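Chains as they are written, first to last, in my numbering: chain D, 569 to 1015; chain F, 4 to 785; chain S, 112 to 279. All C-beta atoms, glycine included, are put in the ideal place defined by N, C-alpha and C. Every value quoted in this text rests on a predicted model; they were computed, and no experiment measured them. Everything on this sheet refers to the single structure shown next.
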Amino acid sequence: MDKYVLLRHRDTPDIHKLSVYGEYTALQKAVTTLTPEQVINEVKVSGLRGRGGAGFPAGVKWSFVPKDRLPHYVTVNADESEPGTFKDRELMEFNPHQVIEGAAIAAYAVGATRVYHYLRGEFKSVARRMQAALDEAYAAGYLGQNVFGTHVEIQMFLHLGAGAYICGEESALLESLEGKRGQPRLRPPFPAVVGLYNQPTVINNTETMANVPYILNHGAEAYKKLGTEKSPGTKIFCLSGMVKRPGNYEAELGKISFRDLIFGENFGQGMMVEGRNVKAILPSGASGPIVTEAALDVLLDYESVAAAGTILGSASVIVLDDSIDMVWAAGKVTHFFRHESCGKCTPCREGTYWMEKQYQDILKGKATLADVQLLQDVAQQIIGKCLCPLGEFATSPVLSSFQHFQAEYEARATDAKKVVPAKAASAKAAATPTAAKTADTKAVPTT
Amino acid sequence: MADLINLFIDDVAVSVPKGTLIVDAAKRADIDIPVFCYHPKLKPVGMCRMCLVQVGRVKLDRGTGQPVLDANGSPEIAYGPKLETSCTTPVEPGMRVITNTDLVKRAQKDVLEFLLTSHPLDCPICDKGGECPLQNLTLTYGPGVTRFDYADKQHLDKHYPLGELIFLDKERCIQCARCIRFQDEIADDHVLGFYERGRKMQIETMSTPGFDSKFSGNTTDICPVGALTTRDFRFRARPWEITNVPSICPHCPVGCNISLGTRRSAKGGGEWEILRVMPRQNEAVNEIWICDKGRFGHHYARSQARLQKPLIKKEGRLVEATWEEAFSLIADRFRAANGKAAGWLGDRVSNEDAWLFGKLFREGFNSAQLVNRPHVAGLDLVARYGVGVGTNLGNLGQGDVVFIVAGDVEETAPVHMLRLKAAVERGAKLIVANARETKMDRYAAISIQYQPGMDTQTVYSLLASVSNQQSAISSQVAKFAPSDNKIKAAGQLIAEAQNLIVMLGDERPYPVMVQGQYTDAGRALAQACANLVVATGHIGKANNGLLPLWPHNNTQGVYDMLSAQGAEALSGEVKALYLVGTDPIGEGQNLPPTDFVVVQELFLTPTAQQADVVLPALAWAERDGTFTNAERRVQRYYKALPPTGQAKADWEIFRLIAEKFGLKWSFFSAEGVMHEIAAQVAAYAGLDYVCLAETKEEWPPVGTSSDLYFGGTAYDNRGGVGAQTKSLFEINGRSELKWIEPPPPSGQSIEPRRLNRPGTLIDQSAIYEVRLRAAELVKIEA
Amino acid sequence: MLTEIFKGLSITLRELFKPPVTIQYPEIKRPVRQRFRGRHELRRYADGLERCIGCALCAAACPADAIYVEPAENTDAERYSPGERYAKTYEINMLRCIFCGYCEDACPTDAIVLTDVYELAADKRRDLIYTKDMLILPPPSGKPGTPQQVAEGSYPRSILPEGLVSEP
């Protein structure tokens, strides 16, 4: 990238120190010169979409908070438990002040005096970094009773979770923050109206918050120049799997494709093992439908990816090459969902276990073709009935892997017909474009 | 009428109040939507996903907010992309709900198939079989075969004791959380919770001792599977083998409606016995709940220790005799007493027994010396200023105030606590005044803690703070004007109250020695409470007046019967003493000096051991009768068991003794006695067993087999909801303010009544022993 | 006229020398058919435990209300049947029973069966109320009867998993 919006520590080392980061100019501008409504409007106009996975416009979400019914709260979802996602931790470890400033601006915008960052329990070292940054911010008067000397109060706290993926779901996060079991709530009512302790609450992902200072500092119009019209701004793409250079890469939305991300010189630099090809891409961690190399040229923004039949979500791109047994891979993901299912609603609680069981039978060679079909039936049976998206997403890898790799499944059945084995993942040796097509991409070197 | 919303469910037009959930609206239209986690008395959670339906809403134009019309001019309906849970969705005008499409039917089948993958194949050994919502709904909505591997069922604890009364079978649990929500929302004892997550999610008790709640038994009623079962009923019988008889709980003055499940059993020696006590629905009294003491405290009716034959003391020992011998002896000695006879009547006996006891004394023994046992102050005041006809704690809400003084509702009238908590959640305000903290303080708008013994003074302080009170006793009341802001605020609440109920407890010693004289401090407190309601005009209407925390189930009724016959206190010599259903010696008190003692009892109590004649009486389950509860509601209970040995009903014994005095009373049933009561006691006018047996349709519908899943295993009420008697004020409009100077604190420590303290009857329930031993001893030090 | 008489008598004579179909009960007994429903029996497993788990489904199925069941709890120290539950009291009123076999159909563990025995006459009504000890089969030879003391946790389920030999 020319200039990072989010991963600024790659340009500016030690930006986690306040002395390097500089003043909270965006927060100062908001608190001293703008009204909360103006701040919300600015964020709305910028078109910033939530970076946690749903992609819901942040400004619109903030505007749902009623003016009355104080107190209001802001919570920052730093649970980051989606497999293959590791962007928020880099932000919090190396550019924490930007996250803090963004969250403080959000608090001012919705009239909240308390902000809680909900970090996953395993982020103990990350929390130390964040706390150090918080202490600096308090000392500088950017947080606390009188922010920038005004009568605006913004108190900010960290809270560690205890190892549950479901607590990344916003209503389960609120439950956990309240000290109760982390199980999702019924929606409606939505957190903007009934949230933490039944008060209006804004929940946004860490990366979303980190975008806000740029918007305030440079203006909504400047932000809109980045990315595409419907998906403005930059996004941190978490690339992992069987690529040479896994890691976080910040790029404008809609300006690079999967191919660029995986093979780009400034990005993944191609497959980890020479001669292997892309067999499957999980574009949104465990939750999105799996796509094959046919989708390599899809541009990475919310609309284009959706049009290709999958979701961009949190942009956790996991790449699998043709040495991977897709049945095994889908089974592993299903195991994850079964393990993380909170158990509140029947279809997810029982269905994820059943699907995992089917996978175990298939992988052990004890399943018939009917059992393979049963696995799909069970996945279809779960869809549309669950209390929260976890159950629905649990079916994506099952259904999409069957859609693309049906032959692999059927080959393992005890009563499989003896046919030509599953077609090789890339018979068309589209091969490994190395430094190809980096013209209009903004590749990002790793730190 | 409150806002009504019109919608269509399966093309049936339905009109329900605003805020009604779709699942309730459908029930009212006789359309059954299957549920597991939903319960009409609990907040909905939408967890089990069984109630999924197709919901279509009227399309509204974004700009104008008006319905979009189609070609025919009717509003366009937009159906949701997914099925929605009907238990969490309130109705909207013009909504169209469909519960019978293929998609919905598939969803119901699928959810059941999912539930049955973890649920063990336990029906043959499960107590719930036959009254199990999972069984019923599987047969109605579920798949015929499962595609899941039977050998992969979960293996968890099956016989896990949650405390000593309830067993949990962790495999059977379908994680509906009804038990947890009942404990959290209704009983307010947070003693159950989930443990682990996913398919391994299990119920655990969070208290030591386990499942420490006075209402734990109710969770076995609302559990939709056989996960929670009672130890009392474990492996006793199948539900269809039980004969259910409506009855009233014989313990506390709430008067919960119950259903006795009886069977003739080999374990009971070939005799009929009570296998279990279940709640019977009466939304005006106990809704569908009962407390654990009522549920597990029935064993005394069939105890081996029951008196079976009359006993006469010969040569210092009690020996068995015939009824004829006993009656003759009693008649002789009471005739010889020549009017110097006294009767001590316990307050557990029925109205009919009490009536004939008084009649026997008046017409047979020529004496009016009749005493209520135990001594309770304020019976006459409650009879006069008790809550009005139509009182229903379930109707309390915004603008209503309940003032509780010197009492612990959860310990003395447990189900009232549930009702009051619900009333507070609907907006009613609670003022609690006591010398110690009680559970009711959690719901109180204002909690007043006074020095022990200063109860009456506190009531007058409150009255003094109620503005604009001018009355005959104003100047005396003014002396107690408070400086405490809390009491002032409480007085303000009362001044603004639409309805006021004063609950009168008995946590103070009485009588009290003041300057060598006995002062009945209880009387002073009762009078103060009466003055409070009279002075503020909160008498003679529904949900207004005095609501006492009496010791037993028929304290009010026994008083009503005796006072209507002109009972007088003891005076002078007592040559013959007749005790019925009371054990003074066992409670540490002495009998007055007398020549002849007759004790009519269920067990050989310490008092009975000192008697000259012991007469065996029938327990409540072995005969008919009526009890009058604290709200002065007369309720019928029915005979469920054959008699024990040669015991007779109390009223029948009195009739047979009266015969010896030449009195030929033509009562051949308790019903007959009620005819006379209705004719001679003003408050009971118009009551008879027919009108007391009238039932009414109540919400939620429970008890019939098709409604099991909706409201749990309570029994619908086929025995009658009872009728409230008018207070004397409602009859003759007379009220007065009387002044009794509040006595100063006595310096005595007080031991408040507790639900789980040992007693003659409850001791017979071996299953309840742990609770009795574990009950803490509470003392209010002076 | 005479010929008709002799014609008729000849038929009689022919029949006279045919063998009779009457079976001389009780010296000779006609064997019963394979699915004959006679006297009830409560069966056991091969290891001596009772099959009956006291579920009372037989009593529920019985159209004549002939069966009376009272269950009780098994402990490992005193075990009658696998699992938690067994029939402590099991009585069949043979005078009510119509020998339909619904109880046999209903039983989930194949405990109650109807055997070939049909000689059930008695002269007192009381003797025709069969109690459990009259119905339960003796244990297979060499195996202990019930109650048994077993190792803790060895029979957790009432319905035995497949594979255990079921025939005594």
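{"Check": "Quick one: does W896/D have its CB under 9 Å from some CB of chain F?", "Outcome": "no"}
{"Check": "If the criterion is Cβ atoms closer than 9 Å, does the pair A680/D and A705/D meet it?", "Outcome": "no"}
{"Check": "Tell me which residue opens and which closes the alpha helix (DSSP H) that R636/F is part of.", "Outcome": "Premise fails: R636/F lies in the beta strand (DSSP E), R636 to Y640, not in any alpha helix (DSSP H)."}
{"Check": "Excluding sequence positions up to five away, which residues of its chain have a Cβ less than 8 Å from the Cβ of D6/F?", "Outcome": "P20 and K21"}
{"Check": "DSSP three-state label for M564/F, please.", "Outcome": "helix"}
{"Check": "Where L552/F and R721/F are concerned, what is the direct C-alpha to C-alpha distance, given to the nearest angstrom?", "Outcome": "28 Å"}
{"Check": "With H, G and I counted as helix, E and B as strand and the rest as coil, what does DSSP make of Y927/D?", "Outcome": "helix"}
{"Check": "CA-CA distance, L700/D and T223/F?", "Outcome": "Note that residue 700/D corresponds to Ala in the displayed sequence, not to Leu. Cα to Cα, the separation comes out at about 52 Å."}
{"Check": "Any beta-carbon of chain F closer than 9 Å to the one on C166/S?", "Outcome": "yes"}
{"Check": "Would you say L967/D reaches chain F, if we count a Cβ-Cβ gap shorter than 9 Å as a contact?", "Outcome": "no"}
{"Check": "Output, in sequence order along the chain, the residues in the stretch 111-128 of chain F whose CB is closer than 9 Å to any CB in chain S.", "Outcome": "P123, L124, D125, C126, P127 and I128"}
{"Check": "Between which residues of its own chain and L384/F is the CB-CB distance below 7 Å, once the five residues before and five after are set aside?", "Outcome": "A529, Q530, A533 and L549"}
{"Check": "Determine the burial state of L850/D: buried for a count of at least 16 other Cβ atoms within 10 Å of its Cβ, exposed for fewer.", "Outcome": "buried"}
{"Check": "Does A1004/D come out as helix, strand or coil in the three-state DSSP assignment?", "Outcome": "Its pLDDT being 40, under 50, A1004/D is placed unreliably in this model, and the coordinates cannot settle the point."}
{"Check": "Give me the chain F residues within the contact set of C913/D, using Cβ-Cβ distance strictly less than 7 Å, ordered along the chain.", "Outcome": "M50 and R52"}
{"Check": "Rank V405/F, V390/F, G525/F and Q372/F by C-alpha distance to the C-alpha of G456/F and give the top, closest one.", "Outcome": "G525/F"}
{"Check": "Cα-Cα, which of R99/F, I315/F and L359/F is closest to A570/F?", "Outcome": "L359/F"}
{"Check": "Which residue spans inside the stretch 646-724 of chain D form an unbroken alpha helix (DSSP H) run of at least 4?", "Outcome": "655-662, 664-678 and 692-707"}
{"Check": "Please identify the residue among P123/F, L119/F, V280/F and A81/F whose C-alpha is closest to the C-alpha of G59/F.", "Outcome": "A81/F"}
{"Check": "Go through the stretch 407-489 of chain F residue by residue and report every complete run of the beta strand (DSSP E) that reaches 3 residues or more, in order.", "Outcome": "432-437 and 449-452"}
{"Check": "Taking R190/S and G165/S to be in contact with their CB atoms under 8 Å, please state how far apart those CB atoms are, rounded to whole angstroms.", "Outcome": "So it is not a contact: roughly 13 Å between Cβ atoms."}
{"Check": "Using a Cβ-Cβ cutoff of less than 7 Å, which residues in the same chain neighbour A32/F once the five nearest sequence positions on both sides are dropped?", "Outcome": "I12, V15 and V17"}
{"Check": "What did DSSP end up calling M50/F once you bin it into helix, strand or coil?", "Outcome": "coil"}
{"Check": "Apart from the five residues on each side of it in sequence, which residues of its chain come closer than 8 Å, Cβ to Cβ, to K900/D?", "Outcome": "none"}
{"Check": "Taking the CB atoms as reference points, tell me whether D458/F and V408/F lie closer together than 9 Å.", "Outcome": "yes"}
{"Check": "Identify each residue in the stretch 192-211 of chain S for which the Cβ-Cβ distance to at least one residue of chain F is less than 7 Å, and report them in chain order.", "Outcome": "G194, E195, R196 and T200"}
{"Check": "Whole angstroms are fine: how far does the CA of K343/F sit from the CA of K578/F?", "Outcome": "5 Å"}
{"Check": "Which residues in the same chain as K792/D place their Cβ atom closer than 7 Å to its Cβ, once the five residues preceding and following it in sequence are excluded?", "Outcome": "S614, G615 and P800"}
{"Check": "Just to check my reading of the structure: A673/F and C694/F have Cβ atoms closer than 8 Å, yes? What is that Cβ distance to the nearest angstrom?", "Outcome": "Their Cβ separation, rounded to whole angstroms, is 15 Å, which puts A673/F and C694/F out of contact at 8 Å."}
{"Check": "Listed from N- to C-terminal order along the chain, which residues in the stretch 136-151 of chain F have their beta-carbon within a distance smaller than 9 Å of any beta-carbon of chain D?", "Outcome": "R150 and F151"}
{"Check": "Using only the alpha-carbon positions, how far apart do P193/S and L955/D sit?", "Outcome": "40 Å"}
{"Check": "K847/D to T186/S, Cα distance in whole Å?", "Outcome": "58 Å"}
{"Check": "From A594/D to G670/D, what does the alpha carbon distance come to, in whole angstroms?", "Outcome": "8 Å"}
{"Check": "Could you give the DSSP three-state label for S891/D: helix, strand or coil?", "Outcome": "coil"}
{"Check": "Between R200/F and chain D, is any beta-carbon pair separated by less than 9 Å?", "Outcome": "yes"}
{"Check": "Just to confirm, does I668/D get its C-beta within under 8 Å of one of the non-hydrogen atoms of the ligand FAD?", "Outcome": "Within the structure as shown, the ligand FAD is missing, as the structure has no ligands at all."}
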